[in-house]
Amino acid sequence: MLTPLHTTSDDHRIAKLAAFAIALHMLEAVIPSPLPGVKPGLANIVTLYVLYQYGFATAAWVSILRVFASSLLLGQFLSPGFALSLAGAALSLGVLYVAMFLPKQWFGPLSLSVLAAFAHIAGQLLVVRLWLIPHAGLSYLIPVFALAALIFGAINGVITARLLQHQPLNESTPAS
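Mapping of the sequence shown onto the numbering used here: position 146 corresponds to residue 151, and the numbering continues sequentially without gaps.
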């Protein structure tokens, strides 16, 4: 006997937004990278947009679902790549949660995107240092990854700000 699954409109919204983030992540996976580990983080645009439109809980669901589903689709579930992606997403979400309490007039989509990008790369580098390459020489790569986080975080923040200009913010979100 099958048990009926009752879904809500919030479940449907999260599924649609996560599917969009997954599609962007999959697109990004086929784009060649000049430096291993450096990607533009296009799916993070969706996470930041969702944070502003629907709040932190929905953004967290979308981000974590994207990590799990993308790793399954790419055949990387429970691999080092999955661990890196999950660590980056988790630390990024943690920073975004804290950033929700910062003054809105000084911290908008651009600055939150840059903060999240730095947190994402920090989470990944932490996993690499503690698990994959426990060598101090890894610290020489920090400026390269930090520059990439700054550039891509700023670009993604500008894109998110543009998207938000065309959408009224929901009244119930903490970003409003």
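Even glycine gets a Cβ: it sits at the ideal position worked out from N, Cα and C.
Counted within 10 angstroms of its Cβ, other Cβ atoms place Trp66 as buried (16 or more) or exposed: Stepping through the sequence shown from its first residue, residue 66 is reached at position 61. That one is buried.
Own chain residues within Cβ distance below 6 Å of Ala48, not counting five before or after: On the sequence shown, position 43 is the one that residue 48 refers to. Counting only Cβ-Cβ distances below 6 Å, and skipping sequence neighbours, we find Ala26, Leu29, His30 and Arg71.
Other residues of its chain near Ala24: CB distance less than 7 Å, five sequence neighbours each side excluded: Looking up residue 24 in the sequence shown gives position 19. There are no such residues.
Simplified DSSP state of Trp111, which is helix, strand or coil: Here residue 111 is taken as the residue at index 106 of the sequence shown, counted from 1. Judged by DSSP in its simplified three-state form, Trp111 adopts coil rather than helix or strand.
Exposed unless 16 or more other CB atoms sit within 10 angstroms - verdict on Leu129: Walking along the sequence shown from the start, residue 129 turns up at place 124. Looking at the sequence provided, one finds Gln at residue 129 rather than Leu. Gln129 comes out buried.
Chain-order list of residues whose beta-carbon lies under 7 Å from that of Leu96 (same chain, five-residue window excluded): Your numbering for residue 96 matches position 91 in the sequence shown. Hits under 7 Å: Ala124, His125, Ala127 and Gly128.
Cβ pair count under 8 Å reaching 3, the segment 43-59 against the segment 107-124: As far as the Cβ criterion goes, the segment 43-59 touches the segment 107-124, which means the pair count is three or higher.
Touch test, the segment 75-87 against the segment 102-110, Cβ-Cβ under 8 Å, three pairs minimum: Touching, no, given that fewer than three Cβ pairs across the two stretches are closer than 8 Å.
Val100, DSSP secondary structure in three states: Position 95 of the sequence shown, counted from the start, is the residue given in the question as residue 100. Looking at Val100 - three-state DSSP - the assignment turns out to be helix.
Within-8 Å CB hit, Ile69 to chain E: Protein chain content of the structure displayed is limited to a single chain, and chain E is not contained in it.
Selected residue, minimal CA-CA separation from Ile182, among Leu10, Ala104 and Gly60: Outside the modelled stretch of the chain, which goes from 6 to 181, sits residue 182, for which no answer is possible.
His148 (DSSP reduced to helix, strand or coil): Here residue 148 refers to the residue found at position 143 when the sequence shown is read from its first residue. The question names His, but residue 148 in the sequence shown is Pro. Judged by DSSP in its simplified three-state form, Pro148 adopts helix.
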